[in-house]
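*Asks:* Pasting in a structure now, in structure tokens, and then I'll have a few things to ask.
In my numbering, the protein residues as written are 2 to 404.
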């Protein structure tokens with residue numbers, strides 16, 4: 002509706018409701034000396050009055066509409082989703098997405114089929130989050146049981162932030178259960194902080210991830226913000242739980258160390274999947290190399306980059322003349338199953354009576370050992386085995402033994 006049309010309708014409404022009492026008004030006026038003011042006719046005065054009121058009401062209505070529009074499109078909350086991809090959603094009071102921004106290159110890949118986030122503008126927040134988490138699952142970011150996604154809600158209204166946090170946690174849990182993804186869901190609410198926002202902008206991460214980095218720095222101030230910002234949420238979470246003793250090498254460096262050890266850096270066909278285990282001892286990265294000969298697993302020290310276990314020089318150990326044949330397993334590695342059997346036999350415990358069993362390959366003073374831990378009859382048992390050396394530990398004392 003145009004302003005002119007609005008004025009005409011308001012004027013017509015006022016003509017019907019305003020009393021026509023000009024003669025009564027004039028009869029109550031006294032004659033005064035001085036300047037004589039010529040009064041216009043009733044019809045002209047009435048018309049100007051109604052037009053003036055109509056114009057004022059039109060201005061009020063337009064101003065009110067402008068305020069409502071601004072409120073509906075003002076940013077009330079900032080929601081960020083972080084794995085390694087970092088995605089930021091600016092949200093209105095009625096939980097509509099105003100802007101969806103990928104904060105790093107990985108995030109751009111996640112939003113590629115959503116016009117880099119533009120398609121999510123105007124969508125309800127839960128619908129947008131559902132779409133983003135679905136893309137994260139499809140791209141393999143939430144497959145591992147050790148992977149994690151962090152939901153951060155920043156809002157001046159603490160109650161609204163907590164409400165959004167609960168709703169989004171439920172939405173993400175629903176997507177993960179439907180897709181059978183195994184990732185953990187971390188959540189946090191934040192208040193606005195100018196310094197943290199600057200840190201986030203300078204490092205191309207969300208304010209939520211910046212808050213997690215600062216949590217690690219509070220444990221070990223000797224670490225560097227920009228280096229920590231490059232780690233995934235999974236790594237930062239594990240690092241905080243481990244007490245942040247040092248700066249880990251990162252997933253990319255761990256994958257490169259495993260490929261160098263395997264002798265596959267020149268092979269474009271080899272791909273790597275990396276999980277961080279920074280909260281275990283020793284802290285390490287599990288690297289799985291997918292090769293033409295099959296899949297091979299390597300453990301890489303999280304702080305030194307030393308390869309703790311895995312098959313060395315895969316191309317060299319493959320049968321000559323057959324590039325597709327699986328490399329021959331090195332001698333001396335008894336394997337997980339043999340290590341478990343040795344430990345159970347030594348303890349005199351049948352497998353069905355042992356519980357909480359864990360088997361890990363460890364580096365013991367330069368020698369690779371299998372550490373087998375389990376519980377039975379109220380006792381905790383730990384035994385390490387290699388093909389050439391073994392020892393066992395019971396609670397309270399250590400006993401050496403021959404295999």
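For each residue, glycine too, the CB sits at the ideal point set by N, CA and C.
Just so we're clear, the structure is a prediction, and the values are computed from it rather than from any experiment.
I need the straight-line Cα distance from residue 373 to residue 166, nearest angstrom please.
*Replies:* As a position in the chain shown, residue 373 is number 372, starting the count at 1. As a position in the chain shown, residue 166 is number 165, starting the count at 1. About 40 Å.
*Asks:* Does the distance from the CB of residue 230 to the CB of residue 250 come in under 7 Å?
*Replies:* Within the chain shown, numbered from 1, the residue matching residue 230 stands at position 229. Within the chain shown, numbered from 1, the residue matching residue 250 stands at position 249. The answer is no: Cβ separation not under 7 Å.
*Asks:* With a cut-off of 8 Å, do at least 3 Cβ pairs link the segment 190-210 to the segment 79-97?
*Replies:* yes
*Asks:* Using CA atoms only, rank isn't needed, just tell me which of 107, 115 and 86 is closest to residue 100.
*Replies:* On the chain shown, position 99 is the one that residue 100 refers to. With distances taken between Cα atoms, residue 100 lies closest to 115.
*Asks:* Could you check the C-alpha separation between residue 321 and residue 119 for me, to the nearest Å?
*Replies:* Walking along the chain shown from the start, residue 321 turns up at place 320. Walking along the chain shown from the start, residue 119 turns up at place 118. Its pLDDT being 48, under 50, residue 321 is placed unreliably by the model, and the measurement read from it follows with that caveat. C-alpha separation (whole angstroms): 54 Å.
*Asks:* Can you give, in chain order, each stretch of the beta strand (DSSP E) that sits fully within the segment 103-166 and has at least 3 residues?
*Replies:* 149-156
*Asks:* For residue 244, which residues of its own chain have a beta-carbon under 8 Å away from its beta-carbon, when the five flanking residues on both sides are left out?
*Replies:* One-based indexing of the chain shown puts residue 244 at position 243. These residues qualify, in order along the chain: 220 and 221.
*Asks:* Measure from the alpha carbon of residue 122 to the alpha carbon of each residue in 96, 287 and 143, then state which is nearest.
*Replies:* Locating residue 122 in the chain shown gives position 121, counting from the first residue. Residue 96 is the option with its Cα nearest to residue 122.
*Asks:* Over what stretch of residues does the beta strand (DSSP E) that includes residue 90 continue unbroken?
*Replies:* Along the chain shown, read from residue 1 onward, the residue named residue 90 stands at position 89. Where residue 90 is concerned, the enclosing beta strand (DSSP E) stretches over 87-92.
*Asks:* Give the C-beta separation of residue 238 and residue 149 to the nearest angstrom, bearing in mind that I take them to be a contact with Cβ-Cβ under 8 Å.
*Replies:* Mapped onto the chain shown, residue 238 falls at position 237. Mapped onto the chain shown, residue 149 falls at position 148. Indeed, because the Cβ distance is near 6 Å, the residues count as touching under 8 Å.
*Asks:* Give me the Cβ distance between residue 159 and residue 191, rounded to the nearest whole Å; I'm assuming they're in contact under 8 Å.
*Replies:* For the purposes of this step, residue 159 is taken as residue 158 along the chain shown, with counting starting at 1. For the purposes of this step, residue 191 is taken as residue 190 along the chain shown, with counting starting at 1. With a Cβ gap of about 10 Å, residue 159 and residue 191 do not count as contacting.
*Asks:* For residue 196, collect the residues of the same chain with a Cβ closer than 6 Å to its Cβ; drop the 5 residues on either side in sequence, then sort them by chain order.
*Replies:* Here residue 196 refers to the residue found at position 195 of the chain shown. Annotation for residue 196: no residue places its beta carbon closer than 6 Å to its own, counting only its chain and skipping 5 residues before and after.
*Asks:* Could you tell me the alpha carbon to alpha carbon distance between residue 146 and residue 223, rounded to whole angstroms?
*Replies:* Mapped onto the chain shown, residue 146 falls at position 145. Mapped onto the chain shown, residue 223 falls at position 222. So the alpha carbons of these two residues sit roughly 30 Å apart.
*Asks:* Do residue 289 and residue 296 have their CB atoms nearer than 7 Å?
*Replies:* Here residue 289 refers to the residue found at position 288 of the chain shown. Here residue 296 refers to the residue found at position 295 of the chain shown. Yes; because the gap between Cβ atoms is below 7 Å, this pair is in contact.
*Asks:* Quick one: residues in its chain with C-beta nearer than 8 Å to the C-beta of residue 88, no 5 flanking neighbours on either side, listed in chain order?
*Replies:* Residue mapping note: residue 88 aligns to position 87 of the chain shown, counting from 1. In the same chain as residue 88, and ignoring 5 residues on each side of it, the C-beta atoms closer than 8 Å to its own belong to 81, 82, 101, 102, 103, 104, 108, 111, 112, 118, 133 and 207, in chain order.
*Asks:* Just the Cα atoms here: how many angstroms apart are residue 90 and residue 98?
*Replies:* By one-based count along the chain shown, residue 90 stands at place 89. By one-based count along the chain shown, residue 98 stands at place 97. Their backbone Cα atoms lie some 7 Å apart in a straight line.
*Asks:* So what does residue 360 bridge to, in DSSP terms?
*Replies:* Along the chain shown, read from residue 1 onward, the residue named residue 360 stands at position 359. 373.
*Asks:* The alpha helix (DSSP H) spanning residue 254 covers which residue range?
*Replies:* Locating residue 254 in the chain shown gives position 253, where the first residue counts as 1. Counting along the chain, the alpha helix (DSSP H) containing residue 254 begins and ends at 252-263.
*Asks:* So, for residue 260: in the same chain, excluding its five sequence neighbours on each side, which residues have a beta-carbon less than 6 Å away from its beta-carbon?
*Replies:* On the chain shown, position 259 is the one that residue 260 refers to. Once the five neighbours on either side are set aside, the close Cβ partners of residue 260 are 266.
*Asks:* Count the other CB atoms, across all protein chains shown, that sit within 10 Å of the CB of residue 291; report buried if there are 16 or more and exposed otherwise.
*Replies:* Working through the chain shown from its first residue, we reach residue 291 at position 290. Burial call: exposed.
*Asks:* Whole-angstrom Cβ separation of residue 258 and residue 275, contact assumed at under 8 Å?
*Replies:* Translated into the one-based positions of the chain shown, residue 258 becomes position 257. Translated into the one-based positions of the chain shown, residue 275 becomes position 274. Contact between residue 258 and residue 275 does not hold, since the beta-carbon distance rounds to 10 Å and is not under 8 Å.
*Asks:* Name the residue from 232, 345, 268 and 278 whose alpha carbon lies nearest to the alpha carbon of residue 314.
*Replies:* Start at 1 with the first residue of the chain shown, and residue 314 comes out as number 313. For the residues 232, 345, 268 and 278, the minimum Cα distance to residue 314 belongs to 268.
*Asks:* Looking only at its chain, what residues have a beta carbon closer than 8 Å to the beta carbon of residue 272, apart from the 5 residues adjacent to it on each side?
*Replies:* Numbered from its first residue, the chain shown carries residue 272 at position 271. The residues are 290 and 291.
*Asks:* So, for residue 376: in the same chain, excluding its five sequence neighbours on each side, which residues have a beta-carbon less than 6 Å away from its beta-carbon?
*Replies:* Reading the chain shown from its first residue, position 375 is the one you call residue 376. Closer than 6 Å at Cβ, skipping near neighbours: 356 and 357.
*Asks:* Which of helix, strand or coil does DSSP assign to residue 268?
*Replies:* Locating residue 268 in the chain shown gives position 267, counting from the first residue. Residue 268 falls in the coil class under three-state DSSP.
*Asks:* In terms of alpha-carbon separation, which member of 294, 312, 286 and 293 lies closest to residue 304?
*Replies:* For the purposes of this step, residue 304 is taken as residue 303 along the chain shown, with counting starting at 1. Closest option to residue 304, Cα to Cα, is 286.
*Asks:* Which runs of the beta strand (DSSP E) spanning at least 3 residues fall entirely within the segment 185-247, listed in chain order?
*Replies:* The qualifying runs are 185-191.
*Asks:* On the three-state DSSP scale, how would you describe residue 279?
*Replies:* Indexing the chain shown from 1 puts residue 279 at position 278. The answer is coil: DSSP assigns residue 279 none of H, G, I, E or B.
*Asks:* Which of the three DSSP states is assigned to residue 171 in this structure?
*Replies:* As a first step, residue 171 is located in the chain shown; it is residue number 170 there, counting from the start. Note: residue 171 maps to helix in three-state DSSP.
*Asks:* Out of 157, 138, 214 and 187, which one is the CA nearest neighbour of residue 77?
*Replies:* Along the chain shown, one-based indexing puts residue 77 at 76. Cα-wise, what sits closest to residue 77 is 157.
*Asks:* What is the DSSP secondary structure of residue 339, reduced to helix, strand or coil?
*Replies:* Reading the chain shown from its first residue, position 338 is the one you call residue 339. Of the three classes helix, strand and coil, the one that applies to residue 339 here is helix, per DSSP.
*Asks:* With 16 other CB atoms within 10 Å as the buried threshold, where does residue 396 fall?
*Replies:* Reading the chain shown from its first residue, position 395 is the one you call residue 396. Residue placement at residue 396 is poorly supported in this model, since its pLDDT is 28, which falls under 50; the coordinates still yield a value, given next. Burial call: exposed.
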